[in-house]
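Chains as they are written, first to last, in my numbering: chain A, 1 to 320; chain B, 1001 to 1320.
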C-alpha cells in the first residue's frame, strides 16, 4: 500500500488502517513521513489527557475506569500506553495487553502500547506521532499513560492538554513521593488506594504543597479514589472535563498546544539531526575510531562532538 | 579566576576549586569548556558506580552505607545525587542534603546534588561532566545515584562501570517492579528492606528472570539487605569490587568506558546542536512564528524542524 491510500483509509475511519499507520510510523517505514504530513491538517480536535505516576500506584486501573466514563458519554477514545520495556522484562508489556482487554472489543476504543527500542527520545517522538494519527482518525479523547516517573516520562506529558498525576499512600514517605518530579506538571491529582492507611495525609500533603500556587490560574484539585472499586472515578472524570473547559474558556489551550508542538519539533530534531549523525558515523566506521581516541585521552568528548558536526554538515551560522 | 588556574587547583586537590569547577560546568560559564578540556587527560582512573531504583526503595540509605564501606578501605569517594527536582518540590533536595551530612564533614567524601533545570538532556550531560571533574580531582570511586526510575535516569546509568539496581518488597506486584525498566541494566541487584514480607519472593523473582541470561558473561548477584541496619551491606560492597575485578580481568571495562563516552558525545550533540538551534530560534523570534504556523495547520512539525535546520546551518551531506 502507498501512503496516500493509507491516509485516505485512516480518514475514512478504517481501524485496521490506523493500526497499520501506527506501525509504519513506529518502524520509521518509507512513506511514514508523507503519511504524517498528509494527515496533519486533519488533527487538532482531540483532547489529550496525560496520566502519570510511579510504578504500583494503579495507573492502568485508573485509565480503564476513566475509559468507561468516557464511553458512557459516547466519546471515542485512544489509549497510548508508553512502556519503556525491554526483552528481559517483556512480561510487563504482556501484562498491559491482558489488562487492556476490558475495552479491547469495543470499537469506540483504540489501544496501543508503545515500547522503547533504545533511547527514550525516539519513544517521545513516536508518542507525538501516534497522538497525531489517532487525532486525524477522529478519536475524541486520547489518553497517554506513562509507566515510571522519570524526567523523560514527564517530558512526554508535555504533549497533554490535561495532566493527571496519580499517587498512592504507602509508597514511601512524602519526600519520596515528591521526588517523582511530577508534582509541578499536574493539573489534577489522584490519591489512589485511598482505603489504605495514610491516604488522608497524602491528600493533605499535596494540597498544602499547592497552597498559594496555581497551574496557570487553575487550582489543581486532589481526589481520593479507590479505582479498583470505581470509587471517586466520576469526580476525576468531571475534573478533567472542568479543566478542559477552563482551558478553552480561559484561552489557556493555545499555550498547551504550543507546548506540545515545541516538544514534538525538539524530538524530531534530536532524531533527524543527532541520531542521524551518530548513525552515519557508525556506518562510516568513524564513530568507533573517535571513541577510541577519546578513551585514549587523545581527544575529549566535546572535541569528538565537534568533529562529528564538522563531518556531517552542522555549521552554526554567525548572526548575519 | 581564569579556567587555567582553576584547572591547576583542581589537579592540586583543592576541594573548593572542585566545587567551583562543578558550578562553572553546571552553569555553562564561559571557560567551562576549556576547563573540561584541560582536565580531560587526567581522567579515567575512578571506578564509576551507578545506583538506581524506584522512589522509596532506600537508595540514599544504601549509598550512605556503601560510602562507609569505601571509607573503611581508605578509598576517597565522590557522590553525585541526580535529582530531577523543581521549585515546587524543593523539599526533596533539602532532604538529600540533610541526609548527606553523615559524610559531609569527611574530607575523603565529596558530595554534590545535581538538579534538573528543564529537560533531562542537560542533566545527563552535566552528570557526565561532573564525573570527569571528580575523576580528574583524583577521587577513587564515584557513585552516581538517580532518583526515579525513568528511561532518562536509566540512560544516566550508561556512564557507570558497575550498575547497582535497588528494589524493595511491597512496592506493588512483580510486574510493576519490572516495569521500572532497570532490570536489564543491572550488574548487581539489591532487595532492600529485606525484613519485610515478600522479600524472599522478590529475590527469587529477580533470580529467575536472570536464569539463562548473563550481563556480558557476568551473572548478576542478588542480595537481600536491610540498609538502615547495615545488614548485608558488606556483601554488596564486595559484589561491586568483584564486578570491577571481573571487568578489569575479562577486558569488559573498555566496553563500559566506550558506552559512557558515547553517551556523553550524544548528550553534548543534543545540547550544542538541538538546544542551540531552538535557543537561537527563540532569540530571533522565529520559533514562535513557526509554532503558530504549525498550530494553524499551515505547516507540520517535521516541516518546522526542517526549516530550523535550514536556517541554522544543518545540511546533511550526501555520501561522497
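Don't be surprised by glycine CBs; every beta carbon is placed ideally from N, CA and C. Bear in mind that the values here come from a model prediction, so they are computed numbers and not experimental data.
#### Entry: Proximal residues of chain A, C-beta to C-beta of residue 1215 (chain B) below 9 Å
Simply none; closest approach about 10 Å.
### Query
In terms of residue numbering, what span does the alpha helix (DSSP H) encompassing residue 244 (chain A) cover?
233 to 250
### Query
Any Cβ of chain B within less than 7 Å of the Cβ of residue 300 (chain A)?
yes
### Query
Shorter than 7 Å from the beta carbon of residue 1023 (chain B) to some beta carbon of chain A?
no
### Query
What are the start and end residues of the alpha helix (DSSP H) that includes residue 223 (chain A)?
Premise fails: residue 223 (chain A) lies in the beta strand (DSSP E), 222 to 224, not in any alpha helix (DSSP H).
### Task
Using the Cα positions of residue 36 (chain A) and residue 1243 (chain B), report the straight-line distance between them to the nearest angstrom.
47 Å
### Task
Give the DSSP bridge partners of residue 218 (chain A), in chain order.
A:215
### Message
On a Cα-Cα basis, can you pick out the residue from A:263, A:303, A:209, A:187 that is closest to residue 247 (chain A)?
### Response
A:187
### Message
Taking its Cβ as the centre, do 16 or more other Cβ atoms sit within 10 Å of residue 217 (chain A), making it buried, or is it exposed?
### Response
exposed
#### Entry: Own chain residues within Cβ distance below 6 Å of residue 253 (chain A), not counting five before or after
247
### Query
Is DSSP giving residue 1113 (chain B) helix, strand or coil here?
strand
### Query
Taking contact to mean at least 3 C-beta pairs separated by less than 8 Å, is the segment 1061 to 1072 of chain B in contact with the segment 1226 to 1239 of chain B?
yes
### Query
With 7 Å set as the bound, which would you pick, yes or no: does the beta-carbon of residue 1238 (chain B) sit closer than that to a beta-carbon of chain A?
no
### Task
Return the chain-ordered list of same chain residues with a C-beta closer than 8 Å to the C-beta of residue 20 (chain A), the five sequence neighbours on each side being excluded.
1, 6
### Query
If we ignore side chains and look at the alpha-carbon of each, how far apart do residue 131 (chain A) and residue 258 (chain A) end up?
15 Å
### Query
Closest by CA to residue 1301 (chain B), which one among B:1310, B:1311, B:1290?
B:1290
### Nearest candidate by alpha-carbon position, reference residue 284 (chain A), set A:297, A:308, A:183, A:262
A:308
### Query
What residues from chain B crowd round residue 41 (chain A), counting only those whose CB sits closer than 7 Å?
1297
### Query
Where does the unbroken beta strand (DSSP E) through residue 50 (chain A) begin, and where does it stop?
47 to 52
### Task
Measure the Cβ-Cβ separation of residue 1043 (chain B) and residue 1136 (chain B) and say whether it is below 7 Å.
yes
### Where residue 112 (chain A) meets chain B, residues with beta-carbon distance less than 7 Å
Ordered by position in chain B, no residue passes the 7 Å Cβ test against residue 112 (chain A), which lies about 17 Å from the chain.
### Query
Within this structure, are the beta carbons of residue 1221 (chain B) and residue 1199 (chain B) separated by less than 7 Å?
no
### Message
Against residue 37 (chain A), what residues of chain B qualify as contacts under a CB-to-CB distance less than 8 Å, listed in chain order?
### Response
1300, 1302, 1303
### Query
In this structure, does DSSP put residue 1057 (chain B) in helix, strand or coil?
coil
### Task
Have a look at residue 95 (chain A) and residue 1280 (chain B) and give me their C-alpha separation to the nearest angstrom.
With a pLDDT of 43 at residue 95 (chain A), under the threshold of 50, the modelled position of this residue cannot be trusted; read the value that follows with caution. Residue 95 (chain A) and residue 1280 (chain B): Cα-Cα distance of roughly 44 Å.
#### Entry: Interfacial residues, the segment 262 to 281 of chain A to chain B, with Cβ spacing under 7 Å
262, 264, 265, 266, 268, 269, 270, 272, 273, 274, 276, 277, 278
#### Entry: Residues of its chain near residue 255 (chain A), where Cβ-Cβ distance is below 8 Å and the 5 sequence neighbours each way are ignored
216
#### Entry: Nearest candidate by alpha-carbon position, reference residue 237 (chain A), set A:104, A:75, A:26, A:269
A:75
### Residue range of the unbroken alpha helix (DSSP H) whose run includes residue 1202 (chain B)
1199 to 1210
### Message
Could you check whether residue 164 (chain A) and residue 70 (chain A) sit closer than 7 Å to each other, using their CB atoms as the reference points?
### Response
no
### Task
Would you mind reading off the limits of the alpha helix (DSSP H) that contains residue 1022 (chain B)?
1015 to 1027
#### Entry: residue 129 (chain A), buried or exposed, once every other Cβ within 10 Å from all chains shown has been counted against 16
buried
### Query
Can you round the beta-carbon distance between residue 956 (chain B) and residue 1058 (chain B) to whole angstroms, since I take them to be within the 8 Å contact cut?
Because chain B in this structure spans residues 1001 to 1320, residue 956 (chain B) falls outside the shown range and cannot be described.
### Query
Quick one: Cα of residue 1092 (chain B) to Cα of residue 1055 (chain B), how far?
With a pLDDT of only 40 at residue 1092 (chain B), under 50, the local geometry of the prediction cannot be trusted, and the value read off the model is given with reservation. Straight-line Cα distance between these residues: approximately 11 Å.
### Range of the contiguous alpha helix (DSSP H) that encloses residue 263 (chain A)
253 to 269
### Task
Reducing DSSP to helix, strand and coil, say where residue 145 (chain A) ends up.
strand
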